[in-house]
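Sequence lines, in order, name chains S and X. Quick note on the numbering used here: the first sequence kicks off at 1 and runs consecutively. Quick note on the numbering used here: the second sequence kicks off at 337 and runs consecutively. From the three backbone atoms N, C-alpha and C, an ideal C-beta is built for every residue, glycine too.
Protein chains: 2
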Amino acid sequence: MDEIPRLDVVAIGNALVDVLASAKDEDLTTLDLIKGTMALVDHERSESIYASMGPTTEASGGSAANTAAGIAALGGRAAFLGRVADDQFGQAFTHDIRSIGVAFDPTPTKAVPGKVVTGHCLVLVTDDAERTMATHLGVASEFASSDLHDGHLSASQVVYLEGYLWEQPTAKVAMREAIEMAHRNDAAVALSVSDPFCVEHHRREFLDLLTGDLEMLFANEDEITMLFDVPDFDAAVDAVSETGVLAVLTRGAAGSVVVTASGPVAVPAGPVERVVDTTGAGDLFAAGFLYGITNGLTPENSARLGSVCASEVISHVGARPQADLRALAVASGLFA
Amino acid sequence: MDEIPRLDVVAIGNALVDVLASAKDEDLTTLDLIKGTMALVDHERSESIYASMGPTTEASGGSAANTAAGIAALGGRAAFLGRVADDQFGQAFTHDIRSIGVAFDPTPTKAVPGKVVTGHCLVLVTDDAERTMATHLGVASEFASSDLHDGHLSASQVVYLEGYLWEQPTAKVAMREAIEMAHRNDAAVALSVSDPFCVEHHRREFLDLLTGDLEMLFANEDEITMLFDVPDFDAAVDAVSETGVLAVLTRGAAGSVVVTASGPVAVPAGPVERVVDTTGAGDLFAAGFLYGITNGLTPENSARLGSVCASEVISHVGARPQADLRALAVASGLFA
Numbered sequence: 001m002d003e004i005p006r007l008d009v010v011a012i013g014n015a016l017v018d019v020l021a022s023a024k025d026e027d028l029t030t031l032d033l034i035k036g037t038m039a040l041v042d043h044e045r046s047e048s049i050y051a052s053m054g055p056t057t058e059a060s061g062g063s064a065a066n067t068a069a070g071i072a073a074l075g076g077r078a079a080f081l082g083r084v085a086d087d088q089f090g091q092a093f094t095h096d097i098r099s100i101g102v103a104f105d106p107t108p109t110k111a112v113p114g115k116v117v118t119g120h121c122l123v124l125v126t127d128d129a130e131r132t133m134a135t136h137l138g139v140a141s142e143f144a145s146s147d148l149h150d151g152h153l154s155a156s157q158v159v160y161l162e163g164y165l166w167e168q169p170t171a172k173v174a175m176r177e178a179i180e181m182a183h184r185n186d187a188a189v190a191l192s193v194s195d196p197f198c199v200e201h202h203r204r205e206f207l208d209l210l211t212g213d214l215e216m217l218f219a220n221e222d223e224i225t226m227l228f229d230v231p232d233f234d235a236a237v238d239a240v241s242e243t244g245v246l247a248v249l250t251r252g253a254a255g256s257v258v259v260t261a262s263g264p265v266a267v268p269a270g271p272v273e274r275v276v277d278t279t280g281a282g283d284l285f286a287a288g289f290l291y292g293i294t295n296g297l298t299p300e301n302s303a304r305l306g307s308v309c310a311s312e313v314i315s316h317v318g319a320r321p322q323a324d325l326r327a328l329a330v331a332s333g334l335f336a
Numbered sequence: 337m338d339e340i341p342r343l344d345v346v347a348i349g350n351a352l353v354d355v356l357a358s359a360k361d362e363d364l365t366t367l368d369l370i371k372g373t374m375a376l377v378d379h380e381r382s383e384s385i386y387a388s389m390g391p392t393t394e395a396s397g398g399s400a401a402n403t404a405a406g407i408a409a410l411g412g413r414a415a416f417l418g419r420v421a422d423d424q425f426g427q428a429f430t431h432d433i434r435s436i437g438v439a440f441d442p443t444p445t446k447a448v449p450g451k452v453v454t455g456h457c458l459v460l461v462t463d464d465a466e467r468t469m470a471t472h473l474g475v476a477s478e479f480a481s482s483d484l485h486d487g488h489l490s491a492s493q494v495v496y497l498e499g500y501l502w503e504q505p506t507a508k509v510a511m512r513e514a515i516e517m518a519h520r521n522d523a524a525v526a527l528s529v530s531d532p533f534c535v536e537h538h539r540r541e542f543l544d545l546l547t548g549d550l551e552m553l554f555a556n557e558d559e560i561t562m563l564f565d566v567p568d569f570d571a572a573v574d575a576v577s578e579t580g581v582l583a584v585l586t587r588g589a590a591g592s593v594v595v596t597a598s599g600p601v602a603v604p605a606g607p608v609e610r611v612v613d614t615t616g617a618g619d620l621f622a623a624g625f626l627y628g629i630t631n632g633l634t635p636e637n638s639a640r641l642g643s644v645c646a647s648e649v650i651s652h653v654g655a656r657p658q659a660d661l662r663a664l665a666v667a668s669g670l671f672a
């Protein structure tokens with residue numbers, strides 16, 4: 001007798017606290033950061049960027065963690081796997097993700113102030129609402145097989161992996177194990193390629209994953225064209241169609257394209273009164289999509305739900321939902 | 337030859353990090369918190385309230401610290417005195433207040449996780465934008481004479497004291513010293529009575545301070561009627577008029593009344609599109625007033641500037657200014 005899965009999605013990624021501040025385009029130039037992207041930085045560089053930033057707000061973040069939070073906010077059953085230290089940032093991260101309803105049961109690493117710390121992402125939000133990030137991974141960089149949670153992994157319909165983890169050798173080993181565990185349990189495996197720099201660093205591996213390891217792929221326009229090394233988005237859609245993987249391709253204000261076995265379908269972006277901070281847009285799109293697909297929506301309607309969730313998160317500062325996503329989903333007519 | 341003061345205001349208060357979350361009225365009842373007020377709680381109770389809260393955002397706070405931040409945001413020269421620990425909250429507090437331009441030069445207390453920590457204020461924001469607070473003072477409760485900074489105190493036009501400090505015996509001794517130091521340097525001393533519970537606890541002492549120790553008093557409608565034990569606001573205005581102290585009395589959406597030697601003047605509240613979170617309203621009103629009064633504005637126009645600053649801070653989550661206060665002040669026509 002098959003056990004009924006008790007989770008919609010288990011997400012695996014870097015456990016990070018976002019440290020957000022407003023910034024000017026000139027600040028990014030001075031700090032040698034590339035607008036709209038994420039850079040991994042060591043402790044020293046993180047401290048030096050932080051010192052140059054204006055007053056900050058701290059809020060839980062982490063790409064896959066934001067997705068898990070969004071799924072829970074929609075009423076879904078989500079778990080998160082990631083590594084924190086037992087410092088104040090680690091406590092805040094743990095509190096926040098649990099309080100939104102995500103199962104998170106880490107063994108925190110002993111903190112050593114200034115040396116062994118919970119990871120944090122310095123987010124510089126420019127006037128055009130674009131975010132530029134510098135992440136010091138801290139203990140998140142030590143994510144390993146011991147951080148996998150068999151109970152969660154064997155109880156989930158989808159195992160969602162953050163591409164950022166491919167930067168870390170021990171995490172990569174753990175991801176391979178998670179993929180095997182998922183497939184033993186008839187779960188689908190989804191990958192977000194996370195960032196153009198991840199595609200640049202791990203292009204070959206990501207392409208290999210598309211031949212049997214993945215059932216779902218999340219990428220934005222830049223990332224997918226880079227992954228297939230093609231001149232434009234249409235060519236990327238053609239290329240990903242041939243893999244047979246369900247691909248969810250986001251294009252910012254231009255909406256998204258879902259590529260299924262029956263071909264690509266374009267879905268418009270949700271309406272937004274004022275875009276304040278795009279941090280978390282892709283993560284929350286993935287949340288809506290994954291909640292939809294694990295709760296009986298078609299891929300097209302799942303993408304519509306992704307648009308609803310992304311619209312909410314870009315209308316305020318911070319990468320986690322603030323409004324009642326469930327109510328927004330109902331208002332959108334996608335659910336009774 | 338008199339030395340020219342190098343600071344407009346030195347503010348003394350509890351160094352706190354705000355931990356903000358949305359809440360329902362029922363949550364306040366369950367948690368036994370009185371809406372709109374601040375309660376001091378021990379570590380255990382703070383942990384238990386925190387555990388019951390939804391996802392949080394962390395941002396620097398502390399009443400007098402918010403005021404100092406507002407003065408700096410207006411282009412004023414402000415310093416802050418308060419005690420932090422060398423933990424992540426203490427580092428964030430220090431970074432944030434310095435990055436807005438406030439002089440802050442503490443000797444952080446060695447942190448002991450879960451025991452000796454930087455103070456934090458759990459802020460529950462209800463749908464009506466009202467905030468209810470539970471503060472665990474942490475090392476702020478140990479503020480003492482050794483935390484006074486002679487350089488700042490002797491260089492400032494106004495020494496601004498937070499009424500909350502009267503809860504703490506060693507801080508009270510330090511406040512007496514600060515008042516003496518201020519008067520030796522011809523500085524004015526201002527007190528914010530901070531909260532109805534402070535008035536209830538320290539009514540006799542606050543009234544004594546009005547006879548020679550204070551040049552300025554900040555209170556809201558509830559606090560001033562409670563302080564003078566009178567039935568209504570008009571009677572409180574009469575009572576405070578007799579003290580000869582410059583009184584700045586705020587009344588929320590009804591604006592404020594400034595009581596000078598020539599009588600009371602009413603000033604309307606600033607326009608606000610949507611009130612999101614009233615945390616910091618009184619603190620930022622005080623910032624505008626103090627900046628005005630130390631930079632050549634009349635008391636009436638200083639109160640107008642207070643309204644501008646309060647309006648900005650209640651239009652978003654968090655107790656520190658996010659918009660360019662200087663630009664808002666110029667736009668209001670109060671400055672050239």
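Three or more beta-carbon pairs drawn from the stretch 182 to 196 of chain S and the stretch 153 to 171 of chain S are found closer than 8 angstroms, and the two stretches are therefore classed as touching. Each of X:348, X:345, X:344 and X:354 was checked against the Cα of residue 615 (chain X), and the nearest Cα belongs to X:354.
Beta-carbon to beta-carbon, residue 408 (chain X) and residue 436 (chain X) are separated by about 5 angstroms, close enough to satisfy the 8 angstroms threshold. Fully enclosed beta strand (DSSP E) runs of no fewer than 3 residues occupy 374 to 376, 393 to 397 and 414 to 417 of the stretch 365 to 438 of chain X, in order along the chain. Membership of residue 206 (chain S) in any beta strand (DSSP E) is not indicated; the residue belongs instead to the alpha helix (DSSP H) covering 196 to 209.
Taking C-alpha positions only, residue 308 (chain S) is separated from residue 316 (chain S) by approximately 14 angstroms. Taking C-beta atoms under 8 angstroms as the contact rule, residue 443 (chain X) and residue 421 (chain X) fail to qualify, at a distance of about 11 angstroms. Annotated as distal: residue 126 (chain S) and residue 118 (chain S), with beta-carbon spacing of 9 angstroms or more.
With respect to the 9 angstroms criterion, residue 623 (chain X) and residue 592 (chain X) are not classified as neighbours on the basis of their beta carbons. A residue is called buried once 16 or more other Cβ atoms fall within 10 Å of its Cβ, and residue 544 (chain X), having fewer, is exposed. Contacts between residue 88 (chain S) and chain X, judged by CB atoms closer than 7 angstroms, involve 423, 424 and 425 in chain order. An exposed status is given to residue 536 (chain X), since fewer than 16 other beta-carbon atoms sit within 10 Å of its beta-carbon. Here residue 220 (chain S) carries a strand assignment [DSSP, helix/strand/coil]. Contacts between residue 140 (chain S) and chain X, judged by CB atoms closer than 7 angstroms, are missing: the closest CB pair is about 15 angstroms apart.
The bridge partners DSSP lists for residue 472 (chain X) are X:456. Linking residue 511 (chain X) to residue 432 (chain X) through their CA atoms gives a straight-line distance of about 25 angstroms. Residue 568 (chain X) sits in coil when the DSSP states are folded into three classes, being neither helix nor strand. Taking the Cα of residue 55 (chain S) as reference, the smallest distance to any Cα among X:405, X:449, X:621 and X:533 is reached at X:405. The Cβ of residue 157 (chain S) sits no closer than 9 angstroms to any Cβ of chain X. For residue 331 (chain S), the enclosing alpha helix (DSSP H) begins and ends at 325 to 331.
Identification of chain S residues near residue 432 (chain X) by a Cβ-Cβ cut-off of 8 angstroms yields 55 and 56, ordered along the chain.
With a 10 Å radius around the Cβ and a threshold of 16 neighbouring Cβ atoms, residue 509 (chain X) comes out exposed. Residue 436 (chain X) reaches chain S at 54 and 55, counting residues in chain order whose Cβ is nearer than 9 angstroms. For residue 113 (chain S), the closest Cβ of chain X is nearer than 9 angstroms. One thing to note: residue 8 (chain S) has its Cβ within 9 angstroms of the Cβ of residue 77 (chain S). A residue is called buried when at least 16 other Cβ atoms come within 10 angstroms of its Cβ; residue 195 (chain S) meets this threshold and is buried. Bounds of the beta strand (DSSP E) holding residue 596 (chain X) are 592 to 596.
The beta carbon of residue 654 (chain X) sits closer than 9 angstroms to some beta carbon of chain S.
Residue pairing by DSSP places residue 599 (chain X) opposite X:596 in a beta bridge. Put simply, of X:472, X:364 and X:598 the residue whose alpha carbon is nearest the alpha carbon of residue 381 (chain X) is X:472. Taking a beta-carbon distance threshold of 9 angstroms, residue 265 (chain S) does not count as an interface residue toward chain X. For residue 370 (chain X), the number of other beta carbons within 10 angstroms of its own is below 16, and it is reported as exposed.
Residue 445 (chain X) is bridged by DSSP to X:421. Among the CB atoms of chain X, none fall inside 9 angstroms of the CB of residue 168 (chain S).
Shown here, residue 319 (chain S) sits in coil according to DSSP, grouped into three states, outside any helix or strand. Near chain S, meaning a CB-to-CB distance below 8 angstroms, the residues of the stretch 389 to 420 of chain X are 389, 390, 391, 392, 393, 394, 395, 396 and 405.
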